[in-house]
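Colleague: What follows is a structure written as structure tokens; I'll ask about it next.
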Amino acid sequence: MRNPRLSPRVVVFAWGNESRGDDGLGPRLAARIHAAGWPHVTLVEDFQLQVEHGLDLVGQDFVLFADGGQGTPAPFFFRQTAPRRLMTHSSHGVGPEAVLEAYRQVMNAEPPPAFVLCMAGERFDLGEGLSRRAVTHLAEAWGFLVPLLSWPDLAHWQAVQTGPVAVAEPLPASPRPAAE
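The structure is reproduced here in structure tokens:
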């Protein structure tokens, strides 16, 4: 068995709202990660990403952002991302790139390598549960993610990217209203 203190440290941000259908993919994935009990993985679950989450990157070796998305290629995509300044009138519901940029500005250092796992969703209505397809996409994403989180390796994570692989392109903030 590997010594967990020698394993690269990973912070996983899983966000979404379980009362909004497939927007619950992030929290459902978070529950699986929590149950796995990896000692080198720190889990941060929230309704939305905020610039303040940049502070959760301190002391980490890798960052994983996990969410459900509309218009996402099925069953999911996994790609590296990078800090990027985004012009916005609000700090509600920022994307992963803005969190990384906040870290860069506050810490005056580059953030750890960061990746996005976006699972395909189709229904995001209030009061809905996960759609059947979303349940399948969650299972496939979990099967993909287990070996990546079990022993994180940058070269391996970069080699298994799927979907749009362009680190300079920002992901939009999730299309959900602010939590009240």
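Under the working numbering, the residues of the sequence shown are numbered -10 to 169, in order. The beta carbon of each residue, even a glycine, is placed where N, CA and C say it ideally should be.
1. May I have the straight-line CA-CA distance separating His29 from Val149, to the nearest angstrom?
2. Tell me, please, which residues DSSP counts as bridged to Glu117.
3. Could you tell me which residues DSSP puts in a beta bridge with Gly58?
4. My guess is that Ala3 and Leu32 are in contact by the Cβ rule of under 8 Å, so how many angstroms apart are they, rounded?
5. Three-state secondary structure (DSSP) at Arg21?
6. Nearest to Gln25 by alpha carbon, out of Thr151, Ala144, His145, Leu138?
7. Since Val88 is in the beta strand (DSSP E), which residue starts that stretch and which ends it?
8. Can you find the residues in the same chain that come closer than 7 Å, C-beta to C-beta, to Ala19, ignoring five residues on each side of it along the sequence?
9. What does a CB cutoff of less than 6 Å around Ser120 pick up in its chain, not counting 5 residues either side in sequence?
10. Do Arg(-2) and Asp45 have their beta-carbon atoms positioned less than 8 Å apart in this structure?
11. Write down the C-beta distance between Leu53 and Gly82 rounded to the nearest angstrom, noting that I regard them as a contact closer than 8 Å.
12. Looking only at its own chain, which residues have a Cβ that is under 6 Å from the Cβ of Val88, when we skip the five neighbours before and after it?
Modeller: Taking the definition as stated:
1. 21 Å
2. Arg9
3. Ala109
4. 7 Å
5. helix
6. The question names Gln, but residue 25 in the sequence shown is Ala. Of the candidates Thr151, Ala144, His145, Leu138, the one whose C-alpha sits nearest the C-alpha of Ala25 is Leu138.
7. No beta strand (DSSP E) holds Val88; the alpha helix (DSSP H) holding it covers 85 to 96.
8. Ala3, Leu32, Glu34
9. Asp11, Glu111, Arg112
10. no
11. Not quite, the Cβ-Cβ distance comes to about 19 Å (not below 8 Å), so this is no contact.
12. Leu38, His42, Gly43
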